[in-house]
Amino acid sequence: MKTEPALAAGLEQLLSKLLHYGTLAASAVIAAGLAIALVSGAPGMRIATAGIVLFILLPVARVGAMLIFFLRARDYRFGAIAALVLLIIIFSYLVGAR
Amino acid sequence: MAEAQVGLELWLFAVALGTSMLGGVLGMASGIFIVPILTMFGRIDIHTAIGASLISVIACSCGSAAPFLKERLTNIRLAILLETATTSGALCGVFLAGLIATPVLYVIFALILLLSAQQMLARRKESIVALAGDAGRWAALGLDSSYPERAPDREVAYSVQRLPFGMALMYGAGLISALLGIGSGVLKIPAMDTALRLPIKVSSATSNFMIGVTAAASAGAYFARGEIISSIAAPVALGSVLGAVLGARILMNVPNERLRLMFIAILIVLAAQMMLAAFGIHLLGHAN
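Residue numbers (the working numbering), protein chains in the order written: chain A, 1 to 98; chain B, 99 to 386.
Next up, the structure:
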């Protein structure tokens with residue numbers, strides 16, 4: 001099944017907002033962390049680390065948003081594909097953490 | 099904070115800003131420059147450099163995705179399907195990165211740099227784009243789409259060809275991305291241009307969109323391993339985002355030809371350096 005064009009346009013809007021504001025937020029946290037680190041050291045670097053984690057999670061959130069979108073559009077085939085991508089990413093983290 | 103540390107962070111920020119700005123002009127991911135510069139001139143361990151580079155790759159991909167999405171150049175459905183292959187490759191890359199000896203990493207990196215130089219020299223040609231009319235075996239997946247072309251103003255339909263071949267190449271791109279901390283545009287672009295037969299604008303936008311997820315799949319693992327050092331990765335990420343924004347705004351109209359040749363020269367020099375470093379010879383800088 002092909003997703004309706006109007007629905008698809010909604011997805012493009014949603015993803016572009018998520019990635020745009022997500023990048024702004026993560027960058028702002030990193031900048032704030034580095035600025036604080038400049039003045040008072042370690043606590044600032046922990047904030048910068050939080051910004052880095054935000055960046056790592058942003059594409060994952062994007063796949064999650066696609067999963068929800070496909071499921072709501074009853075496009076189960078692509079819902080399953082998005083779920084598979086999420087599972088591979090989670091598995092990769094587990095391999096790394098081992 | 100120690101002065102030397104502040105100096106290093108400023109240098110990292112400047113390197114990321116500069117390469118990202120220049121990369122933006124040529125529509126090329128700057129990730130490929132981060133690792134060689136950090137290891138050769140910054141005396142930074144290659145695994146730490148790869149970790150930092152991955153964050154910068156994610157930042158650039160996410161930061162530049164919005165305009166492509168709004169112009170409907172990104173094929174979202176195709177992207178998520180191909181991401182099953184790129185993230186699987188990344189998973190294997192994460193696993194291999196722990197096994198491969200550092201000199202071998204240097205050699206692989208040198209080869210990818212040379213491949214990039216060769217690709218940049220050859221330039222991209224529009225492959226014969228199959229029209230949606232002769233949609234083949236993959237039509238049922240709903241991957242075929244169209245994108246708006248500005249001059250002349252028209253809607254260009256395209257269909258996706260040779261999907262299994264494209265998926266195999268994407269797996270390789272994901273593996274190299276996780277192994278070297280680059281976006282692997284150098285492997286994704288030929289996969290999309292030649293195997294899937296996509297129009298250049300669509301393949302650029304879709305490749306850029308996928309790079310973030312691919313890098314995130316391995317960046318999480320590098321982070322869990324403690325190979326992403328904030329004092330290195332944070333300034334690099336910030337510099338890359340800013341460089342990408344500035345590059346898109348300021349440098350759009352700079353004549354490309356000379357810059358392109360300069361880039362090719364830099365790629366070859368860095369490849370030679372990485373190759374020599376693999377054998378413990380350091381001509382420039384002072385990598386350990």
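Don't be surprised by glycine CBs; every beta carbon is placed ideally from N, CA and C.
Everything numeric in this text was worked out from a predicted model, so none of it was measured.
Between the Cα of residue i and those of the options, spot the shortest distance and give me the residue it belongs to.
{"i": "Ile-298(B)", "options": "Ile-379(B), Gly-318(B), Leu-261(B) and Val-254(B)", "result": "Val-254(B)"}
{"i": "Ile-156(B)", "options": "Gly-281(B), Pro-333(B), Pro-246(B) and Tyr-320(B)", "result": "Gly-281(B)"}
{"i": "Ala-342(B)", "options": "Ala-369(B), Met-308(B) and Ala-114(B)", "result": "Ala-114(B)"}
{"i": "Ser-301(B)", "options": "Ala-369(B), Leu-359(B), Gly-283(B) and Leu-277(B)", "result": "Gly-283(B)"}
{"i": "Ser-186(B)", "options": "Gln-217(B), Ala-276(B) and Ala-147(B)", "result": "Ala-276(B)"}
{"i": "Val-258(B)", "options": "Ala-289(B), Pro-246(B), Ala-271(B) and Leu-285(B)", "result": "Ala-289(B)"}
{"i": "Ala-35(A)", "options": "Gly-129(B), Ile-130(B) and Glu-107(B)", "result": "Glu-107(B)"}
{"i": "Ser-338(B)", "options": "Ala-150(B), Ile-366(B) and Gln-216(B)", "result": "Ala-150(B)"}
{"i": "Gly-378(B)", "options": "Ile-326(B), Gly-310(B), Lys-286(B) and Val-202(B)", "result": "Val-202(B)"}
I believe residue i touches residue j by the beta-carbon criterion, under 8 Å. Please report the beta-carbon distance rounded to the nearest angstrom.
{"i": "Ser-40(A)", "j": "Gly-318(B)", "result": "That belief does not hold up - the Cβ atoms of Ser-40(A) and Gly-318(B) are roughly 29 Å apart, past 8 Å."}
{"i": "Leu-67(A)", "j": "Leu-86(A)", "result": "7 Å"}
{"i": "Gly-279(B)", "j": "Met-119(B)", "result": "The Cβ separation is near 20 Å, so there is no contact."}
{"i": "Ala-208(B)", "j": "Leu-273(B)", "result": "The Cβ separation is near 17 Å, so there is no contact."}
{"i": "Arg-170(B)", "j": "Tyr-245(B)", "result": "6 Å"}
{"i": "Ala-164(B)", "j": "Ser-16(A)", "result": "4 Å"}
Quick one: list the residues of chain A neighbouring residue i, beta-carbon separation under 8 Å, in chain order.
{"i": "Thr-304(B)", "result": "The contacting residues do not exist; Thr-304(B) stays about 12 Å from chain A at best."}
{"i": "Tyr-320(B)", "result": "Gly-96"}
{"i": "Pro-288(B)", "result": "In chain order: nothing, as chain A lies at least about 22 Å away."}
{"i": "Glu-107(B)", "result": "Leu-34"}
For a contact defined as C-beta to C-beta under 7 Å, what are the partners of residue i on chain A?
{"i": "Ser-397(B)", "result": "Since the displayed chain B opens at 99 and closes at 386, residue 397(B) lies outside it and no answer follows."}
{"i": "Ser-74(B)", "result": "Here chain B comprises residues numbered 99 to 386, so residue 74(B) is not present and cannot be evaluated."}
{"i": "Arg-175(B)", "result": "Phe-78"}
For residue i and chain A, any beta-carbon pair shorter than 8 Å?
{"i": "Arg-248(B)", "result": "no"}
{"i": "Gly-140(B)", "result": "no"}
{"i": "Gly-310(B)", "result": "yes"}
{"i": "Lys-299(B)", "result": "no"}
{"i": "Thr-182(B)", "result": "yes"}
{"i": "Gly-345(B)", "result": "no"}
{"i": "Gly-231(B)", "result": "With a pLDDT of 49 at Gly-231(B), under the threshold of 50, the modelled position of that residue is not reliable, and the figure given next carries that caveat. Closer than 8 Å: no."}
{"i": "Val-254(B)", "result": "no"}
{"i": "Gly-116(B)", "result": "no"}
{"i": "Ile-274(B)", "result": "no"}
{"i": "Ile-148(B)", "result": "no"}
{"i": "Leu-282(B)", "result": "First, the residue type needs correcting, since residue 282(B) is Ser and not Leu in the sequence shown. No, Ser-282(B) lies away from the interface with chain A (no Cβ there is under 8 Å from its Cβ)."}
{"i": "Pro-333(B)", "result": "yes"}
Does any residue of chain B have a CB that is nearer than 8 Å to the CB of residue i?
{"i": "Arg-62(A)", "result": "yes"}
{"i": "Ala-48(A)", "result": "yes"}
{"i": "Ala-73(A)", "result": "no"}
{"i": "Leu-15(A)", "result": "yes"}
{"i": "His-20(A)", "result": "yes"}
Can you name the residues of chain B whose CB is closer than 8 Å to the CB of residue i?
{"i": "Gly-10(A)", "result": "Near Gly-10(A) there are no residues of chain B at all, since even the closest Cβ is about 11 Å away, more than 8 Å."}
For residue i, return the contacting residues in chain B, with the cut-off set at a CB-CB distance below 7 Å.
{"i": "Ala-31(A)", "result": "Leu-336"}
{"i": "Leu-54(A)", "result": "Correct list: empty, because the minimum Cβ distance to chain B is about 10 Å."}
ask   = Listed from N- to C-terminal order along the chain, which residues in the stretch 184-214 of chain B have their beta-carbon within a distance smaller than 8 Å of any beta-carbon of chain A?
value = Thr-185, Ser-186, Ala-188, Leu-189, Val-192 and Phe-193
inquiry  = Short of 8 Å Cβ to Cβ, which residues in the stretch 77-93 of chain A face chain B?
reply    = Arg-77, Phe-78, Ile-81, Ala-82, Leu-84, Val-85, Ile-88, Ile-89, Phe-91, Ser-92 and Tyr-93
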